[in-house]
Structure formats: C-alpha cells, structure tokens
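Novice:
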Amino acid sequence: MKKTVLGLALLITCSTTLWAQDIHKQPSKRDFRMGTGLSLLGTGDLYALQVESEVNYKWLPHLAVSGSGTVGASPFNPEDNATFLQFNGNAFLSPFRNDRLIDFRVGGGLSYYFIKDLQPNYFSFDESDVLIRFDENSVLRHALGFNIIVETTFQLRDGFLLGTKAFTQPYLNGDINTGVMAKVGVQF
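Be aware that the sequence shown starts at 13, since it is given in the working numbering, and climbs by one per residue.
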C-alpha cells in the first residue's frame, strides 16, 4: 500500500511538473498589418497619402499570400485632387525564409482600384480674386492593374511586426501608383 501511494504521488508530481513547463509555441502563420505612406498617383503628377490594411498567410517557408485594401487621397495640390480605393491580392517569395526575425520578400499580384478625379472649376469675382471650386460631377473610373512589391519586415517581440514596403502598380488604363510605406502588424 505504501508503494502504491508513493508511486501515485511520484506520478502526479512528475506529470504536473511536465505540464507546468513552458512549451515553445510555434510562430503563427497569419498576421495583420496596417501601413501608411506616400505615393505618386495617376501618371506621376499627384502626390497621394494612403492607408493600407493587409492580412498575410505564410503558406510555405518561402511563400506567403496576402489580401489588402487601401484608401488614399491627394490633398497637396488644390487645383488637381483625387481619392481612390483599391483591393489587392499578392503572392510573396522570401528567399531567406519567412519564419525568421527578418523577412525580406519580393512579390506581385493583381490590383483593382476605383479613383475619383475632382475637376476644378475657376470662378472670378474681379481681376485679383480667383475662387477654385471642385465640381460635384467629377470623373469616377476604375481599372485592373498589377502589383510589384519589395518589402522587409522585422519581428520585434512575440508577434509584433514593423516593416517597410516599396511598390509600383501599373494599371491597364495607363495610370500608375508608385510609392513607399511604413507598416506595423501583429501575428494572430
């Protein structure tokens, strides 16, 4: 009886000790990133601010896929202004693996965007004052395009990400969007 109780006590002690040990958790294959940046929009004549939300999935150690949505506006030139909304689907190749602290990746994919060009109308009350007003019936257009992306991401602490992105997006209607972006994210 003493051996049974002693054996049972030893078994319980060993099993709770093993259960309480910290088990190394594999990094998540999914992450969510948000970024903001500056780009040249249209044919390169409009500076645009943009904000992007992106979800990534690391499919293989060298391959990841992502989907993103971006909104942007070009508020810098009062005589020519535009706003846009775009949706992107991309695949990324990580030559040095995507499961390390630094993930350098090159990718591409498809982009579809809607852009609204605000057309200025000029009004003058006298020779010296000019009032610029944007027409409410502005041009809304959309196009399919391609993404070419170079991106570097650093994993800071337990799933927090910080990165930079350079991209160009030529569209089939002749428009282009080229720029840089800073991004932050979290693995989930």
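Just so it is clear, CB atoms sit at the ideal spot from N, CA and C, and this is done for glycine as well.
Any idea which residues DSSP pairs His154 with across the strands?
Specialist: Phe126
Novice: Three or more C-beta pairs under 8 Å: does that hold for the stretch 111-118 against the stretch 80-91?
Specialist: no
Novice: By the DSSP assignment, the beta strand (DSSP E) with Pro73 in it spans what residues?
Specialist: That residue, Pro73, is in no beta strand (DSSP E); it is neither H nor E in DSSP.
Novice: Can you tell me the Cβ-Cβ gap for Ile161 and Asn102, rounded? I've got them flagged as a contact below 8 Å.
Specialist: With 8 Å as the limit, Ile161 and Asn102 qualify as a contact, their Cβ atoms being about 6 Å apart.
Novice: Between Ser65 and Gly81, what straight-line distance do the alpha-carbon atoms span, to the nearest angstrom?
Specialist: 6 Å
Novice: Looking only at C-alpha atoms, which of Leu58, Val196 and Thr95 sits nearest to Ile127?
Specialist: Thr95
Novice: Whose C-beta lies closer than 6 Å to the C-beta of Gln181 among residues of the same chain, with five residues either side of it excluded?
Specialist: Excluding sequence neighbours, Gln181 sits near Ser123, Gly157, Asn159 and Asn189.
Novice: Drop a sphere of 10 angstroms on the beta-carbon of Gly121, count the other beta-carbons inside from all chains shown, and report buried for 16 or more, exposed for fewer.
Specialist: Counting every other CB atom within 10 Å of its CB across the protein chains shown gives Gly121 a total of 16 or more, marking it as buried.
Novice: For Ala155, which residues in the same chain have their Cβ closer than 7 Å to its Cβ, ignoring the five residues on either side in sequence?
Specialist: Excluding positions up to five away in sequence, the list reads Tyr125, Tyr183, Leu184, Asn185 and Asp187.
Novice: Just to confirm my understanding: we take Gln98, look at its own chain, exclude 5 residues before and 5 after, and list those with CB closer than 6 Å. What are they?
Specialist: Thr82, Ser123 and Tyr125
Novice: Can you tell me which of Lys41, Gln62, Arg169 and Met193 puts its alpha carbon nearest to the alpha carbon of Glu163?
Specialist: Met193
Novice: Considering Cα atoms alone, identify which of Leu53, Asp129, Asp170 and Leu58 is closest to Phe179.
Specialist: Leu53
Novice: Within a Cβ cutoff of 6 Å, which residues of the same chain sit near Ala60, ignoring the five residues on either side of it in sequence?
Specialist: Ser51, Leu53, Gly84 and Ser86
Novice: Looking at the secondary structure, which residues open and close the beta strand (DSSP E) in which Asp43 lies?
Specialist: Arg42 to Leu53
Novice: Please specify which runs of the alpha helix (DSSP H), each continuous and at least 4 residues long, are wholly inside the stretch 94-120, giving them in chain order.
Specialist: none
Novice: If we call anything under 9 Å between Cβ atoms a contact, is Ala76 one with Asn110?
Specialist: yes
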